[in-house]
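Chains as they are written, first to last, in this note's numbering: chain A, 82 to 246; chain B, 4 to 357.
Structural data, given as structure tokens:
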């Protein structure tokens with residue numbers, strides 16, 4: 082009963098903060114409520130007994146990515162220039178890419194099935210040991226491929242930063 | 004006594020102790036600075052100036068509170084609150100001593116023994132950035148913003164090396180992330196496999212490089228000299244807390260000392276055996292368990308106070324780094340060094356265990 086109440090509170094918080102992200106006029110408030118949203122999602126992970134996922138979620142999203150986002154927003158806020166003019170071509174391109182993304186999402190949602198519910202408490206699915214073991218045995222190839230993706234992104238960032246000088 | 008009552012009491016005691024130690028760290032810092040610079044230091048309030056922190060606290064509370072007109076009021080107040088809360092939150096996973104036994108029931112002197120202990124510490128530390136950034140931005144002052152940006156980029160950079168250096172310890176600990184099991188493992192077994200002193204199997208003897216990296220990163224994470232670029236008064240007036248006054252400034256300064264206290268505790272737990280001390284098993288044989296438990300708590304606090312002293316010693320010994328030097332040290336020296344350390348210790352462990 083107690084966990085159900087916590088679940089409802091967390092869900093309400095995550096939905097409310099996600100809505101604030103979209104509707105708030107001030108970009109700083111959007112970023113801060115996005116952080117709140119990440120925290121409530123981490124709370125959901127803890128409720129599912131996946132403490133490792135919860136803390137990694139907080140470290141990666143709230144601790145690193147959102148800090149950089151907040152950086153950018155704060156620095157842009159410093160010099161209050163108007164938004165750069167967007168040409169029609171860019172607008173059309175944005176609409177097309179957005180539509181393509183939606184199409185992909187819809188297509189993948191249509192064929193996917195809801196996973197069978199397993200009680201998380203007795204399996205310990207979210208602990209470090211199980212996550213690590215399955216990453217390095219069952220999902221080794223996707224894991225390595227994504228790490229190559231990260232390395233290429235890192236090298237790309239370094240190359241871009243070097244060009245500025 | 005139920006478990007919840009015990010935990011509540013424990014949390015209260017830990018908070019009071021951290022606040023007390025933080026308050027007396029300010030006094031200690033001024034005394035040590037005075038000693039190193041051949042001065043006397045504070046000596047007016049009470050004998051040896053021992054009441055100085057209380058006088059400072061009263062002063063902080065009674066000063067006029069100024070909120071800049073143009074700044075974002077709520078965020079301005081939120082900044083120091085977040086900084087203080089994150090500073091206090093870390094103490095939840097630190098094992099403070101051997102379990103106490105009250106009327107036949109064992110009580111762990113640890114608020115939460117979660118299986119992700121050290122990751123929790125790293126996660127909460129990474130959230131401390133928000134207190135600084137929000138406060139610095141909401142001040143609407145270029146110096147404050149510059150200080151906030153310096154502080155947060157520094158903390159993000161040094162978190163990586165910090166996490167990497169901890170991995171070497173995790174490898175030795177059979178992959179368990181719980182701080183409690185780390186401390187327990189350092190209390191059992193022989194040092195290097197043949198030196199038989201009980202409670203002396205400390206990680207620092209196996210991982211001196213990881214210890215050095217972690218120590219340097221802890222300095223950087225706490226914004227302490229030689230890495231106090233966020234508040235370097237000769238360049239930025241006061242850094243991110245330039246616009247703050249009264250107790251809100253007090254919270255920022257206070258939280259820095261709490262951070263120092265907690266990082267000293269984490270260093271002691273990870274590398275210096277936590278509450279273990281040489282001869283612990285002999286004392287366990289001749290003394291009742293609860294007394295040994297209290298001694299172990301005292302030993303941990305002795306280690307913590309030594310590291311706080313070390314933090315202050317470094318502060319008055321080494322001058323501040325330049326910003327590019329700071330970044331070069333973090334990214335080009337500590338990061339590769341910690342990765343190499345991790346690889347070597349992994350290889351050695353595999354070689355020994357096979």
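C-beta: ideal position from N, C-alpha, C; glycine also.
Owing to the predicted nature of the structure, the values given are computational and were not obtained by experimental measurement.
Contact residues of the segment 263–284 of chain B toward chain A are absent (C-beta to C-beta distance below 8 Å). By alpha-carbon distance to residue 158(B), the top candidate from 191(A), 187(A) and 149(A) is 149(A). Within chain A, the residues placing a beta-carbon under 9 Å from that of residue 129(B) are 139, 140, 143, 144, 145 and 148, ordered along the chain.
Closest option to residue 152(B), judged by alpha-carbon separation, among 192(B), 234(B), 12(B) and 93(B): 234(B). With contacts defined as CB atoms closer than 8 Å, residue 317(B) and residue 214(B) fail to qualify as a contacting pair. Looking at 260(B), 355(B) and 311(B), the one whose alpha-carbon comes closest to that of residue 89(B) is 260(B).
Cβ proximity to chain B below 7 Å picks out 208, 209 and 210 from the segment 204–225 of chain A. Boundaries for residue 104(B): no alpha helix (DSSP H) harbours it, while the beta strand (DSSP E) harbouring it runs 103–105, taken from the DSSP string. At a C-beta separation below 9 Å, residue 152(B) has these neighbours in chain A: 152, 155 and 156.
Within the segment 106–131 of chain B, the residues whose Cβ lies closer than 7 Å to some Cβ of chain A are 117, 118, 119, 122, 123, 125, 126, 129 and 130, listed in chain order. Residue 144(A) is a Cβ neighbour of residue 129(B), given a cutoff of 8 Å.
With respect to the C-alpha of residue 183(B), the residue from 272(B), 229(B) and 207(B) having the closest C-alpha is 272(B). As the crow flies, the alpha-carbon of residue 167(B) is around 16 Å from that of residue 207(B). The beta carbon of residue 264(B) sits closer than 8 Å to those of 21, 24, 25, 28, 307 and 311, all from its chain and outside the five residues before and after it, given in chain order. Counted as a single uninterrupted DSSP element, the alpha helix (DSSP H) harbouring residue 255(B) occupies residues 249–274.
Collapsing the DSSP output to three states places residue 123(B) in a helix. Assignment of residue 94(A) by DSSP, reduced to helix, strand and coil, places it in the helix class.
Contacts between residue 97(A) and chain B, judged by CB atoms closer than 7 Å, are missing: the closest CB pair is about 17 Å apart. Residues of the segment 178–199 of chain B with a C-beta less than 7 Å from any C-beta of chain A: 178 and 180, listed in chain order.
In its own chain, leaving out the 5 sequence neighbours on each side, no residue places its CB closer than 6 Å to the CB of residue 198(B). A direct Cα-Cα distance of roughly 43 Å separates residue 113(B) from residue 239(A).
The Cβ neighbour count for residue 235(A), taken over all protein chains shown within 10 Å, is under 16; the residue is labelled exposed.
In the DSSP assignment, residue 110(B) falls outside any alpha helix (DSSP H) and within the unbroken beta strand (DSSP E) covering 108–110. For chain A, none of the residues of the segment 327–339 of chain B brings a beta carbon within less than 8 Å of one of its beta carbons. Contact check for residue 174(B) and residue 340(B): beta-carbon distance about 16 Å, past the 8 Å limit, so the pair fails to qualify.
The beta carbon of residue 121(A) lies closer than 6 Å to those of 91, 94 and 95 in the same chain, with the five residues before and after it left out. If you ignore the 5 residues before and after residue 284(B), its C-beta comes within less than 7 Å of the C-beta of 201 and 202, all in its own chain and listed in chain order. Shown here, residue 134(A) sits in a helix according to DSSP, grouped into three states.
By the neighbour-count criterion, in which a residue is buried when 16 or more other Cβ atoms sit within 10 angstroms of its Cβ, residue 99(B) is buried.
Inter-residue distance for residue 225(B) and residue 132(B) is about 10 Å (C-alpha atoms, whole angstroms). Buried is the label assigned to residue 231(B), since at least 16 other Cβ atoms lie within 10 Å of its Cβ.
With distances taken between CA atoms, residue 86(B) lies nearest to 254(B) out of 332(B), 254(B) and 163(B). DSSP places residue 69(B) in the coil class of the three-state scheme, outside both helix and strand. Fewer than three Cβ pairs drawn from the segment 132–145 of chain B and the segment 222–232 of chain A lie within less than 8 Å of each other, which leaves the two stretches out of contact. The alpha-carbon of residue 237(A) is positioned some 52 Å away from that of residue 12(B). Listed along the chain, the chain B residues whose CB falls inside 7 Å of the CB of residue 133(A) are 119.
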